[in-house]
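**Q**
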Amino acid sequence: MVRKHKVGLVALSGISLLAAATLADPGFAQDRPGPSGSNAEVADSGKQIFEEICQACHMPDAKGGGEAGARVPALAGNRNLANKDYPIIILLKGRGGMPWFTDILTKPQIAAVITYVRGHFNDYKDPVTVADIDRIGSTNPPVPDCNCGH
Amino acid sequence: MTDFPSPDFLAPPTRRQLLTMIGKVGGTAALYQAMTVLGHAAESQFNGPPKLSGARPGASVLVLGSGLAGMLAAYELTKAGYKVQILEFQGRTGGRNYSVRGGDTIAELGSTQTVGFAPGNYLNPGPWRIPYHHRTVLHYCKELGVELEHFAQLNHNAFVHHKDAYGGKPQRYRDLYVDYKGHVAELLAKSLNAGALDTAVTADDKAKLLEAMKDWGVLDKSMAYTKGVKVGEQRGWDRPPGGGVNGAPIPGDVGSLSDTLSTKVWQQIGFYTEHVMQTTMFQPKGGMDHIGKAFAAKVGSLVRLNTHVTKIAQDDKGVTASWTDTKTGATGETRADWLVCTIPATVLGQLDIQVSDKKKAAIRALPYGNSVKIGLEMKRRFWETDYAIYGGHSFTDQDISLISYPTGNWFGDGPAVILGAYPFGIGAYKLAGMTPEKRIAAALDQGSVFHPAEYKAEFRSGATVAWSRMPWILGCCATWTEESREAHYQDLVSMEGRIVLAGEHCSYYGCWQEGALLSSLDAISRLHQRASAA
Ligand SMILES: Cc1cc2nc3c(=O)[nH]c(=O)nc-3n(C[C@H](O)[C@H](O)[C@H](O)COP(=O)(O)OP(=O)(O)OC[C@H]3O[C@@H](n4cnc5c(N)ncnc54)[C@H](O)[C@@H]3O)c2cc1C
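If you're matching them up, the sequences are chains R and V in order.
Sequential numbering from 1 applies to the first sequence in this note's numbering.
Sequential numbering from 1001 applies to the second sequence in this note's numbering.
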């Protein structure tokens, strides 16, 4: 099933950084294509979401790319993902060149894609649920640092 | 106030006299303020190039990044007397000011393309248009001898496509625009005549509004929007006017209200109404990178290419940038008194930079949007010959977002390049995640909706850039929100010790070259002040 991206987006209390302007619609009169592409939709399965969104940067094999100091980190074989809160916080809040995805993905979609990335490219089989997303949304923990440069 | 310009102090000064007066008393800043209030010059914060002079003998500045912000900084600081060096990650100058031509290679994370365009053809993967009020960009184009030509922006004869409108058949923007205002005018006239707005408008205004709706909406005698010769004069014809026996034109049917609304054409109308999207629009003749090349002609000799900065340190004597030569693998350090850093925040956030935690947090709170461009070289200009479309954009709700027809060399023979995709957001992620070949195939599929017979048959070669896979930026442009501006903007742009940041991301003119240049001018003016005081 495919869903229009504007329906049921994550709205989190306690995270004021998740703001009106979105990465999909950068607002404030940037150069941009204009009012179109509005029917672009994201699928609901974790695998498809990975392919339609994440692999634009993390690459199809989830091994990332670039070099130290200008790198998209690998999601495959990534020990930071052992703790499921880590990727949840990153997807909700963004960090550096990693955008937040609250404006184009729903909570179930965020849960699905993290479950897929942790289970398929790593060996962390416990699923991430919408309840996990809500828990992070309400406790609003700080964004963890990374050593993405390495 | 000694030489008051008007001998007759009883007569109110003319506008020009007043401005001269204010200029003399308050300097250019006051003059600019006053002009803004009087309704002039509110278009740009540009007040002319900075007049920096008198750098301390031997004072040096290191500039990181040779995009427009970095090269402008180098250009003006050199003029002011500083010794300047630029370090640049890539093997070329210009940064996002970039054009690709036949024979060029495009190196993305995970792929390399060789562009196969015919001589003279190009794609601007990044910036492509310059609004008439981007005074800074226009000023330096003139100063550096960059030839500008018209960029066709609004084209009434191009298309709008929505899957859910008109059975998925693209409609001419002109027809939708005329239908839209016709229906809106008819409805407003109806409510006025029914007295529905009598408490909101005076009788006098009601009469004027009715007249306005009749003219604006091209309504008929009974104040309805219907097929007719008058509407045809705006909307075009089933049979256009001609000569002789069959000279009389035959108007076509108008679209229904529901069909018109389902195209959401008000969004296109709104888009073209934005200050930055209005005409007159310009482009450098032959490719946007002519601006970068013109700057490089002035400061190119100061640039060390293929130099990836990995660490930025400062102490009370100066700054040190550590780097790796991407060709030889050699490492090195460059020292200077002062530093202007124009490295995009996505990458800067991964470097070891000696600034306060507040500034680091600001850098790390700035993700970049994503965008993809796809150039499709066609064997001939069928959009001109077969569709009478000369420049401008056809919009779609598919992932590609739009196709845009080339300005320049109109009526030319031989191949020409259509911009076959320019999405942000979801459409851009989807396309960026594909290999370049698949991206080009998807653009051909989707764009065929506009020109089904020709699009694939006339295709010759393609080239594409996914900004999220450009190794030196990993994104398109900085994405600010009201909250992140509030929390971080001042921390990002403040000068700390000997380091100041500049570039598109350090401006309120996000994703425009104007923003990169204005930010650079502001940064070097503050740097010069501090260096002069030191
Ligand atoms: C798709 C798209 C469309 C756009 N459309 C328009 C438009 O129509 N009109 C318009 O005016 N503007 C447009 N813009 C915006 C415009 O391109 C930018 O605002 C402007 O070019 C930014 O200039 P800059 O100097 O700030 O940054 P850049 O040009 O990005 O310069 C930064 C430089 O730093 C270098 N660098 C990065 N990392 C390192 C490192 N570690 N060490 C050394 N060097 C490093 C980079 O290689 C680069 O050369 C568009 C941008 C994009 C991406």
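Backbone N, C-alpha and C define an ideal beta-carbon position, used for all residues, glycine too.
Taking Cβ-Cβ distances shorter than 7 Å, what residues in chain V pair up with Q55 (chain R)?
**A** Neighbours of Q55 (chain R) on chain V, chain order: G1433.
**Q** Look at the alpha carbon of V1254 (chain V) and the alpha carbon of W1266 (chain V), and state the distance between them as a whole number of angstroms.
**A** Roughly 17 Å separates the two Cα atoms.
**Q** Any heavy atom of ligand 1 within a distance shorter than 7 Å of the CB on G1070 (chain V)?
**A** Yes, the Cβ of G1070 (chain V) comes within 7 Å of a heavy atom of ligand 1.
**Q** For a contact defined as C-beta to C-beta under 7 Å, what are the partners of K1169 (chain V) on chain R?
**A** Ordered by position in chain R, no residue passes the 7 Å Cβ test against K1169 (chain V), which lies about 16 Å from the chain.
**Q** Restricting to runs no shorter than 3 residues, where is the beta strand (DSSP E) found entirely within the segment 1421 to 1466 of chain V?
**A** The segment 1421 to 1466 of chain V contains these whole beta strand (DSSP E) runs: 1459 to 1466.
**Q** Within its chain, find whatever has a CB closer than 6 Å to the CB of H1134 (chain V); leave out the 5 residues flanking it on each side and keep chain order.
**A** If we look at H1134 (chain V) and ignore the five residues flanking it on each side, its Cβ neighbours are E1514.
**Q** Since R1498 (chain V) and V1319 (chain V) should fall inside the 8 Å C-beta cutoff, what is the C-beta to C-beta distance between them, to a whole number of angstroms?
**A** Going by Cβ atoms, the distance from R1498 (chain V) to V1319 (chain V) rounds to 5 Å, so yes, they are a contact pair.
**Q** In or out: P1452 (chain V) buried (at least 16 other Cβ within 10 Å) or exposed?
**A** With fewer than 16 other Cβ atoms within 10 Å, it is exposed.
**Q** Got a sec: is the Cβ-Cβ distance from I89 (chain R) to anything in chain V below 8 Å?
**A** With 8 Å as the cut-off, I89 (chain R) does not count as an interface residue toward chain V.
**Q** Using three-state DSSP, classify L1087 (chain V) as helix, strand or coil.
**A** Of the three classes helix, strand and coil, the one that applies to L1087 (chain V) here is strand, per DSSP.
**Q** Let me check one thing: in DSSP terms, what residues is F1159 (chain V) bridge-paired to?
**A** BP columns for F1159 (chain V) point to V:R1172.
**Q** Taking any Cβ of chain V, which residues in the segment 95 to 117 of chain R have a Cβ under 9 Å from it, in chain order?
**A** Listed by position along the chain: R95, G96, G97, M98, P99, W100, D103, I104.
**Q** At a Cβ threshold of 8 Å, is V1137 (chain V) touching chain R?
**A** So, not an interface residue.
**Q** Under a CB-based cut-off of 8 Å, is D31 (chain R) close to chain V?
**A** Closer than 8 Å to some Cβ of chain V, the Cβ of D31 (chain R) qualifies, so yes.
**Q** Candidates V:K1311, V:A1487, V:K1438: which alpha carbon is nearest A1463 (chain V)'s?
**A** Answer by Cα proximity: V:K1438.
**Q** Apart from the five residues on each side of it in sequence, which residues of its chain come closer than 7 Å, Cβ to Cβ, to T1093 (chain V)?
**A** Answer for T1093 (chain V): S1066, M1071, G1292, A1296, G1300, V1303, listed in chain order.
**Q** Short of 7 Å in beta carbon distance, which residues of its chain neighbour P1119 (chain V), apart from the five on each side in sequence? Order them along the chain.
**A** Counting only Cβ-Cβ distances below 7 Å, and skipping sequence neighbours, we find G1102.
**Q** Report yes or no: is there a C-beta of chain V within less than 8 Å of the C-beta of V130 (chain R)?
**A** No, V130 (chain R) does not count as interfacial toward chain V.
**Q** Does any residue of chain R have a CB that is nearer than 8 Å to the CB of Y1422 (chain V)?
**A** Taking Cβ atoms only, chain R reaches closer than 8 Å to Y1422 (chain V), which makes this a yes.
**Q** Taking 7 Å as the cut-off, does the CB of C57 (chain R) come closer than this to any heavy atom belonging to ligand 1?
**A** C57 (chain R): no, Cβ never under 7 Å from ligand 1.
**Q** In chain R, which residues lie with their C-beta within 9 Å of the C-beta of L1109 (chain V)?
**A** Going along chain R in sequence order, the residues near L1109 (chain V) (Cβ under 9 Å) are C57, M59, G64, G65, G66, V72.
**Q** Would you say A76 (chain R) lies against chain V (beta-carbon separation less than 8 Å)?
**A** A76 (chain R) does not count as touching chain V.
**Q** Take the Cβ of H1275 (chain V) as the centre, count every other Cβ of all protein chains shown within 10 Å, and call the residue buried at 16 or more, exposed below.
**A** With fewer than 16 other Cβ atoms within 10 Å, it is exposed.
**Q** Using three-state DSSP, classify L1038 (chain V) as helix, strand or coil.
**A** Because the pLDDT at L1038 (chain V) is just 44, under 50, the model does not fix this residue reliably, and the value given afterwards should be weighed accordingly. L1038 (chain V) falls in the coil class under three-state DSSP.
**Q** Using a Cβ cut-off of 8 Å (strictly closer), state whether I1374 (chain V) contacts chain R.
**A** No, I1374 (chain V) does not count as interfacial toward chain R.
**Q** Please list the partners that A1313 (chain V) has in chain R, where partner means a Cβ-to-Cβ separation under 8 Å.
**A** Per Cβ cutoff of 8 Å: no residues; A1313 (chain V) is ~15 Å from chain R at best.
**Q** Answer with yes or no whether the minimum CB distance from Y1455 (chain V) to chain R is below 8 Å.
**A** No, Y1455 (chain V) does not count as interfacial toward chain R.
**Q** Hey, I133 (chain R) and A112 (chain R) are a contact pair by Cβ (cut 8 Å); roughly how many whole angstroms apart?
**A** Not really, about 11 Å apart at Cβ, beyond 8 Å.
**Q** Can you give the Cα-Cα distance for T1334 (chain V) and S1322 (chain V), rounded to whole angstroms?
**A** Approximately 7 Å between the Cα atoms of the pair.
**Q** List the endpoints of the continuous beta strand (DSSP E) containing L1064 (chain V).
**A** From DSSP, the beta strand (DSSP E) with L1064 (chain V) extends over 1060 to 1064.
**Q** Is there at least one Cβ from chain V nearer than 8 Å to A82 (chain R)'s Cβ?
**A** By this cut-off, A82 (chain R) is not an interface position.
**Q** Excluding sequence positions up to five away, which residues of its chain have a Cβ less than 6 Å from the Cβ of I1389 (chain V)?
**A** Taken in chain order, the residues that qualify are N1157, A1158, W1383, Y1405.
**Q** Chain V partners of A40 (chain R), CB-CB under 9 Å?
**A** Result: D1397, Q1398, D1399, S1401, P1423, G1425, I1426, G1427, A1428, Y1429, K1430.
**Q** Hey, how far is the Cα of K47 (chain R) from the Cα of D31 (chain R)?
**A** Roughly 32 Å separates the two Cα atoms.
**Q** Per DSSP, what are the beta-bridge partners of V1254 (chain V) in this structure?
**A** Bridge partners of V1254 (chain V): none, in fact.
**Q** In this structure, does DSSP put W1216 (chain V) in helix, strand or coil?
**A** In this structure, W1216 (chain V) counts as helix in the three-state DSSP scheme.
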